[in-house]
Amino acid sequence: MSTIELPTVSVAAVQAAPVFLDLAATLDKLEALVAEAAGQGAELVVFGESFLPGFPIWNGVLAPVDQHDFHERLVRESITVPGPETERLGRLAARFGVTLSVGVNERNEASLGQLWNSNLVFDPTGRLVNHRRKLVATWYERLTWSHGDAHDLAPVPLGGWHLGALICGENTNTLARFTLLAQGERLHIATYPPSWPFDGRTEGGDYDLPETIRLRAAAHSFEGKVFTVVAATALDDRAVAEVAAGDARIEKMLRAHPTASMVIGPDGRAVAGPLHGDEGILHARVNLADEITAKQAHDIVGTYNRADIFQLTVDTRRHTPLARHTGPSGSLRLTDADPEGGSGDE
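Residue numbers for the sequence shown follow my numbering, beginning at 1156 and rising by one.
The following block contains the structure:
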């Protein structure tokens, strides 16, 4: 009998549009979609980047001075972690007995000026087992999101799944990907936005978002010999109408590059999908044992690595601007660093 847990996992990539900047309504929609996916046998249910309460698509098509209203609405509808919304998500995962991955806009509880692009993973008991903040906001996303950190940049065991997650452009970050693989990742989540306007001079250009998603997923799966579940959010008419406000050029840019979801195997080929643009749930069954033979030939964290030559150091602290320490007299001293090397949030 094998001593290695290598299960076959039923996965579901949910490609859905949030109810634009409406947290309560989007949570209701998410609940219905989880019920649908679980009812079709899914054990892992994955939603796209910043599904709650939506991706800031206006960043790429509006001048910064014209974005204030959308940004304020996003801040008001964002969540804190932990908070009542994460409690609801946990209860939802437990009710349907699934592992649930959701992209969220996370607000700094101490500041109305800071948001993170975060991904949350809840296990089938409802426990939050992974809380990641996107390392680097990409290009115009920096108008909305702060840089994250490497806290929870690690796979979650989950009975042999060794599930890891990266958000959008992080899947191009070689060191971030290697960090997950070097900790034993076997099943990978990659989340993406509903649209990515890239070249306003040609009202879209020849940028191919689905192909860039496929390339990243195939690269990680083939290099790491892992399965990748890609889940993107979808773009609906309401979001386009609100942001474009009747401007045909902006509407064309928003619609020029629809997204895609897919499941990729350890050989870099598609197991399911791609699902282009439209809403839907993509299902697949992945056998983690399929990774063994592939890694015999090419294991970049094992026999195909040179740990005597290459070494990677990762700071996994949750960085905070304030650490509180009690002085000898009982007075409170405020510093911006923990002298013991910790983050000050424990």
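No residue lacks a Cβ here, since even glycine has one placed at the ideal position from N, Cα and C.
- In the displayed model, G1258 falls within a strand according to three-state DSSP.
- Remark: C-beta atoms of L1330 and L1467 approach each other more closely than 9 Å.
- One thing to note: G1315 has its Cβ no nearer than 9 Å to the Cβ of E1446.
- Close CB contacts of F1206 within its chain, under the 8 Å cut and outside five residues either way in sequence, are with A1171, P1173, T1181, L1185, V1257, G1258, V1259, T1388 (chain order).
- One thing to note: L1335 has its Cβ within 9 Å of the Cβ of A1309.
- Y1295 and T1254 have their C-alpha atoms spaced approximately 31 Å apart.
- Excluding the 5 residues flanking it on each side, D1363 has same chain C-beta neighbours closer than 8 Å at H1412, in chain order.
- Between E1325 and K1380, the C-beta spacing is not below 9 Å.
- Looking at the DSSP output, R1231 bridges to nothing.
- For H1375, the enclosing alpha helix (DSSP H) starts and ends at 1364-1379.
- Straight across, the Cα-Cα distance linking I1212 with G1281 is about 31 Å.
- Below 8 Å, too few C-beta pairs join the region 1187-1202 and the region 1450-1465 to call them touching: fewer than three.
- In this structure, the straight-line span from the alpha carbon of R1341 to that of L1318 is close to 6 Å.
- Between the region 1418-1431 and the region 1397-1406, the count of Cβ pairs shorter than 8 Å is below three; the stretches do not touch.
- Taking the Cβ atoms as the reference, E1204 lies roughly 5 Å from P1348, within the contact range of under 8 Å.
- Across the structure, V1311 and H1343 are spaced so that their CA atoms are roughly 10 Å apart.
- Under the DSSP definition of a beta bridge, L1477 lacks any partner.
- About 6 Å separates the Cβ atoms of A1345 and A1372, confirming a contact at the 8 Å cut-off.
- From the listed residues R1393, P1279, N1272, the smallest Cα separation to A1292 is found for N1272.
- Residue pairing by DSSP places N1328 in no beta bridge whatsoever.
- Here the alpha carbon of D1224 sits roughly 30 Å from the alpha carbon of V1201.
- Short of 6 Å from the beta carbon of A1439, and not among the five residues preceding or following it, lie these beta carbons of its own chain, in chain order: V1166, V1418, V1426, A1427.
- Under the three-state reduction of DSSP, N1214 is assigned to helix.
- Contact annotation: L1229 and L1176 have beta-carbon atoms nearer than 9 Å.
- Measuring C-alpha to C-alpha distances from N1274 to each of N1263, G1268, R1287, S1266 identifies R1287 as the nearest.
- Inclusion of P1279 and A1248 in the CB contact set at 9 Å is warranted, their separation being smaller than that value.
- F1353 sits in coil when the DSSP states are folded into three classes, being neither helix nor strand.
- W1300 and G1420 have their C-alpha atoms some 31 Å from each other.
- Between D1304 and H1453 the beta-carbon gap is near 31 Å, outside 8 Å, which marks them as no contact.
- Under the DSSP definition of a beta bridge, R1288 partners with S1273.
- The alpha-carbon separation between P1239 and I1436 amounts to approximately 26 Å.
- Note on geometry: alpha-carbon atoms of R1369 and A1386 lie some 11 Å from one another.
- Following the DSSP letters along the chain, one finds P1162 in no alpha helix (DSSP H), marked with neither H nor E.
- Around the Cβ of Q1222, a 10 Å sphere holds 16 or more other Cβ atoms; the residue is buried.
- Here the C-alpha atom of V1220 lies approximately 14 Å from the C-alpha atom of V1398.
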